[in-house]
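One point on numbering: in our numbering, the residue at position 451 of the first sequence is 569, and numbering is uninterrupted. Beta carbons: idealized from backbone N, C-alpha and C, even for Gly. The model shown is predicted, which means the values in this text are computed figures rather than measured ones. Written below as structure tokens is the structure these notes are about.
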Amino acid sequence: MKWSNAFIPTRKEVPREAQSPSHRFLLRAGMIKPLSSGIYTYLPLGWKVLMKIQNIIRREMDRIGAQELLMPALTPASIWEETGRWEEYGDEMFRLTDRRNSDMALAPTHEEVITAILRDEIKSYRDLPQVWYQIQVKYRDEKRPRGAVLRARTFIMKDSYSFDRDREGLEISFLKHAEAYTRIFSSCGLKTTVVEALSGLMGGSKSKEFMVASDSGEDRIVECLHCGYASNIEVADPLPSKVAFKGGDLKKVHTPVSGSVKEIAKFFNVKPSQLMKSILYIREKEPIWIVIRGDYDIDEEKLQGIFTDIRIASEEEVCELVGAQAGYVSPMGSKYLVYSDFSIRGIVGLISGANEDYYHFMGIAPERDIKIKDYLDIREYREGDLCPQCSTPLEWKNVIELGHIYKLGTKYSKAMGAFYLDEDGKEKPIVMGSYGIGVERIMASAIEQFHDEKGIIWPLQIAPYHIIIINLNPTNPEGVALSEDLYKLLNREYEILYDDRDLRSGYKFNDADLIGIPLQIIIGNRGLKRGIIEIKIRGTEERMEVPPEKIKEEIDRLWKSMQKIRLEKY
RNA sequence: CGGGGCGUAGCGCAGCCUGGUUAGCGCGCCUGGUUCGGGACCAGGAGGUCGGUGGUUCAAAUCCACUCGCCCCGACCA
Numbered sequence: 119m120k121w122s123n124a125f126i127p128t129r130k131e132v133p134r135e136a137q138s139p140s141h142r143f144l145l146r147a148g149m150i151k152p153l154s155s156g157i158y159t160y161l162p163l164g165w166k167v168l169m170k171i172q173n174i175i176r177r178e179m180d181r182i183g184a185q186e187l188l189m190p191a192l193t194p195a196s197i198w199e200e201t202g203r204w205e206e207y208g209d210e211m212f213r214l215t216d217r218r219n220s221d222m223a224l225a226p227t228h229e230e231v232i233t234a235i236l237r238d239e240i241k242s243y244r245d246l247p248q249v250w251y252q253i254q255v256k257y258r259d260e261k262r263p264r265g266a267v268l269r270a271r272t273f274i275m276k277d278s279y280s281f282d283r284d285r286e287g288l289e290i291s292f293l294k295h296a297e298a299y300t301r302i303f304s305s306c307g308l309k310t311t312v313v314e315a316l317s318g319l320m321g322g323s324k325s326k327e328f329m330v331a332s333d334s335g336e337d338r339i340v341e342c343l344h345c346g347y348a349s350n351i352e353v354a355d356p357l358p359s360k361v362a363f364k365g366g367d368l369k370k371v372h373t374p375v376s377g378s379v380k381e382i383a384k385f386f387n388v389k390p391s392q393l394m395k396s397i398l399y400i401r402e403k404e405p406i407w408i409v410i411r412g413d414y415d416i417d418e419e420k421l422q423g424i425f426t427d428i429r430i431a432s433e434e435e436v437c438e439l440v441g442a443q444a445g446y447v448s449p450m451g452s453k454y455l456v457y458s459d460f461s462i463r464g465i466v467g468l469i470s471g472a473n474e475d476y477y478h479f480m481g482i483a484p485e486r487d488i489k490i491k492d493y494l495d496i497r498e499y500r501e502g503d504l505c506p507q508c509s510t511p512l513e514w515k516n517v518i519e520l521g522h523i524y525k526l527g528t529k530y531s532k533a534m535g536a537f538y539l540d541e542d543g544k545e546k547p548i549v550m551g552s553y554g555i556g557v558e559r560i561m562a563s564a565i566e567q568f569h570d571e572k573g574i575i576w577p578l579q580i581a582p583y584h585i586i587i588i589n590l591n592p593t594n595p596e597g598v599a600l601s602e603d604l605y606k607l608l609n610r611e612y613e614i615l616y617d618d619r620d621l622r623s624g625y626k627f628n629d630a631d632l633i634g635i636p637l638q639i640i641i642g643n644r645g646l647k648r649g650i651i652e653i654k655i656r657g658t659e660e661r662m663e664v665p666p667e668k669i670k671e672e673i674d675r676l677w678k679s680m681q682k683i684r685l686e687k688y
């Protein structure tokens, strides 16, 4: 493609709201154009990348025997009513009515549609297993679209669905997908981590997510570098960090400072973890104590989940019920029920309020000194927490969710009547799995992982073009002839963008760096005088000078070695 | 849904607080010329319902009310 004929509207500036690298560069490189909140057009350069990603997906899905089809995006309410998701999906579903006033929805996902096909067509165990997939635009009225294509209201999803006779079959389909996904993401040049995840609205049992590390990611995961445990923080169950203090007798100490954890720890010259935070809550009008280690905070959501009707006691209530200000109280000698977070279990030598203003106890051994009704997991997880499998400190990462695979089981087949007859003549529900990939998220993640201050550095496999030929002097006949020849020669084997525009060199260099084509061939008067052409590798910024007749050879060599480096990397 | 911010030329922004001629600047665009290896320079030019509606006023981009849209943070969701 000659750039002079191409539509690649690059920009020097973008709105200051565009924060993340992928958001900024997608706009600046002329790859996407916003139409409305969370709704984007993919311009030619962006679409080329997305097509390449889709083709990698197709190749790997086909490899596991999946069959591509295409379902409608516009769907009748009736199928959603069958599974109850017409209600469940709430405001996130785009809804409309047709001219006969029938309720319709733009599909946010396709379990219902595919199950409607399944129940009519698959009647025998002989027809199973099956895997069907599509690459299609999904519609979700997100509360808050963000990061350009990272969370959009219309987006391209590869969704596949597996149908099996039983759980064992599902297990195989699930594993096949997991393998295909790993290959897809690594083929796109991305390193992913597979984590345990929440299945939420999809239903079904365990699900796994494929995550790529990025500061712009909306999810957080924890990962154990020792045993390989990895989980979305939403379903993780890390252990509190370990502490040990010297035990001893209970001692009341005058503490003439404010009762905050920070101040008290400073006063005793100990770490916050040696304190026991004692907080009075009102549960169904009854006061109860919640205790937690001083370096942790209580996760109010977890608390709500356990006790339902619970709120923190006001300052006045604490004074009235305990007889001291909030910073100087504890369950020591108190008649109210005490619940403790696991972070307190088994430790001694703690400090907490003495239930008298400006006094604290030290040397508290909760199991000796307090009647604890129950231990609960109510702490807010934090960095430093330990692996639940091997007690190694966990790594915390921000990530982008690229793929999510679910074992649906029989939720949809039972609700919508998708049954088959088994060998024994018995009617059984088809066991389903559902598997999604966010296509644009792969593109955005690649930019997040591979860019510098100048622009994008595309992984070879999804780069919109392989090589950009930059002719710096479109007015010099010698340079033009050479550029045209090279373009024709290389275009047979490579995808070439030929920058033949009559612009200043700086402009063209910056554009080339911005759009991130892996190899740059630079033809200019300076080189021509010396009989050489320059090749620059985008990313490493490595440059080499090659005589024109050796260019093809050198490009072939470079391309092969760059492919190899990519393979070795992941 | 809560909090914050923004809407002025294709893009990025100033002007608004303290109302007052033809509403500015940079980039981009068009014409001519000089330049030509990291986003040039000179000269000329085109391009604006100041998001919308209503109000206050002799006078509104500027003040007030309502409204629409967009962005960021959080909550929510996956």
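### Query
Assuming Ile-580 and Val-167 make a contact with CB atoms under 8 angstroms, what is their CB distance in whole Å?
Within the first sequence, residue 580 is the residue found at index 462, counting from 1. Within the first sequence, residue 167 is the residue found at index 49, counting from 1. Contact flag correct, Cβ pair sits at about 5 angstroms.
### Task
Label Tyr-625 either buried or exposed according to how many other C-beta atoms from any shown protein chain fall within 10 Å of its C-beta, with 16 as the threshold for buried.
Residue mapping note: residue 625 aligns to position 507 of the first sequence, counting from 1. By the 10 Å Cβ count, Tyr-625 comes out exposed.
### Message
Just list the residues that DSSP pairs Lys-120 with in beta bridges.
### Response
Here residue 120 refers to the residue found at position 2 of the first sequence. Note: Lys-120 sits in a beta bridge opposite Tyr-616.
### Query
With a Cβ-Cβ cutoff of 8 angstroms, do Ser-448 and Met-394 count as a contact?
The residue you call residue 448 lines up with position 330 of the first sequence. The residue you call residue 394 lines up with position 276 of the first sequence. Yes, the Cβ-Cβ distance between Ser-448 and Met-394 is below 8 angstroms.
### Task
Ignore the nearest five residues each way along the sequence and tell me which others in Lys-369's own chain have a CB closer than 8 angstroms to its CB.
As a working mapping, residue 369 is identified with position 251 in the first sequence. Taken in chain order, the residues that qualify are Phe-479, Met-480 and Gly-481.
### Message
So, with DSSP's three-state summary, where would you put Val-409?
### Response
Counting from 1 along the first sequence, the entry for residue 409 is found at position 291. Here Val-409 sits in strand by DSSP.
### Query
Do the CB positions of Ser-278 and Val-249 come within less than 8 angstroms of each other?
As a working mapping, residue 278 is identified with position 160 in the first sequence. As a working mapping, residue 249 is identified with position 131 in the first sequence. Cβ atoms of Ser-278 and Val-249: closer than 8 angstroms.
### Query
Near Phe-385, what residues of its chain come up, given a Cβ to Cβ distance below 6 angstroms and the 5 sequence neighbours on each side ignored?
As a first step, residue 385 is located in the first sequence; it is residue number 267 there, counting from the start. Closer than 6 angstroms at the Cβ level, and outside the excluded window around Phe-385, lie Thr-373 and Val-375.
### Query
Hey, is the stretch 209-222 in contact with the stretch 237-253, meaning 3+ C-beta pairs nearer than 8 angstroms?
By the C-beta criterion, the stretch 209-222 is judged not to be in contact with the stretch 237-253, since fewer than 3 inter-stretch pairs fall below 8 angstroms.
### Query
When you compare each of Pro-194, Met-561, Phe-281 and Leu-604 to Glu-671 by their alpha carbons, which one comes out closest?
Within the first sequence, the letter at position 553 stands for residue 671. The residue with the shortest Cα to Cα distance from Glu-671 is Leu-604.
### Task
Run through the stretch 599-664 for me and flag every whole alpha helix (DSSP H) of 4 or more residues, listed as ranges in chain order.
623-633 and 643-647
### Message
Is the separation between the beta-carbon of Val-353 and that of Ile-469 shorter than 8 angstroms?
### Response
By 1-based counting over the first sequence, the position of residue 353 is 235. By 1-based counting over the first sequence, the position of residue 469 is 351. Not in contact: Val-353 and Ile-469 (Cβ atoms no closer than 8 angstroms).
### Task
Would you give the residue range spanned by the beta strand (DSSP E) that Gly-521 belongs to?
Taking the first sequence and counting its residues from 1, the one referred to as residue 521 is at position 403. Note, Gly-521: beta strand (DSSP E), 513-527.
### Message
Report the start-end ranges of each beta strand (DSSP E) in the stretch 317-400 that is 3 residues or longer and not cut off at the edges.
### Response
325-331, 337-341, 348-350 and 369-372
### Message
Looking at the secondary structure, which residues open and close the beta strand (DSSP E) in which Val-249 lies?
### Response
Looking up residue 249 in the first sequence gives position 131. Here the beta strand (DSSP E) through Val-249 covers 248-257.
### Task
With distances taken Cα to Cα, identify the nearest neighbour of Asp-333 among Val-361, Met-662 and Gln-567.
On the first sequence, residue 333 is found 215 positions in, with the first residue counted as 1. Taking Asp-333 as reference, the option from Val-361, Met-662 and Gln-567 with the minimal CA-CA separation is Gln-567.
### Query
Would you report the Cα separation of Asp-209 and Tyr-257, rounded to the nearest angstrom?
By one-based count along the first sequence, residue 209 stands at place 91. By one-based count along the first sequence, residue 257 stands at place 139. Going by the C-alpha atoms only, they are around 12 angstroms apart.
### Proximity to Ala-191 [Cα-Cα], best of Glu-239, Gln-252 and Ile-462
Here residue 191 corresponds to residue number 73 of the first sequence, with the count starting at 1. It is Gln-252 whose Cα lies nearest to the Cα of Ala-191.
### Task
Pick helix, strand or coil for Glu-474, following the three-state DSSP scheme.
Translated into the one-based positions of the first sequence, residue 474 becomes position 356. Glu-474 falls in the strand class under three-state DSSP.
### Task
Tell me whether Lys-529 is buried or exposed, calling it buried when 16 or more other Cβ atoms sit within 10 Å of its Cβ.
Position 411 of the first sequence, counted from the start, is the residue given in the question as residue 529. Buried: at least 16 other Cβ atoms inside 10 Å.
### Query
Under the three-state reduction of DSSP, which class applies to Ala-315: helix, strand or coil?
If you number the first sequence from 1, residue 315 lands on position 197. The answer is strand: DSSP assigns Ala-315 an E or B state.
### Message
Taking the straight line between their C-alpha atoms, what separation do you get for Gly-445 and Ser-378?
### Response
Locating residue 445 in the first sequence gives position 327, counting from the first residue. Locating residue 378 in the first sequence gives position 260, counting from the first residue. So the alpha carbons of these two residues sit roughly 6 angstroms apart.
### Message
Can you find the residues in the same chain that come closer than 6 angstroms, C-beta to C-beta, to Ile-683, ignoring five residues on each side of it along the sequence?
### Response
As a position in the first sequence, residue 683 is number 565, starting the count at 1. Closer than 6 angstroms at the Cβ level, and outside the excluded window around Ile-683, lies no residue.
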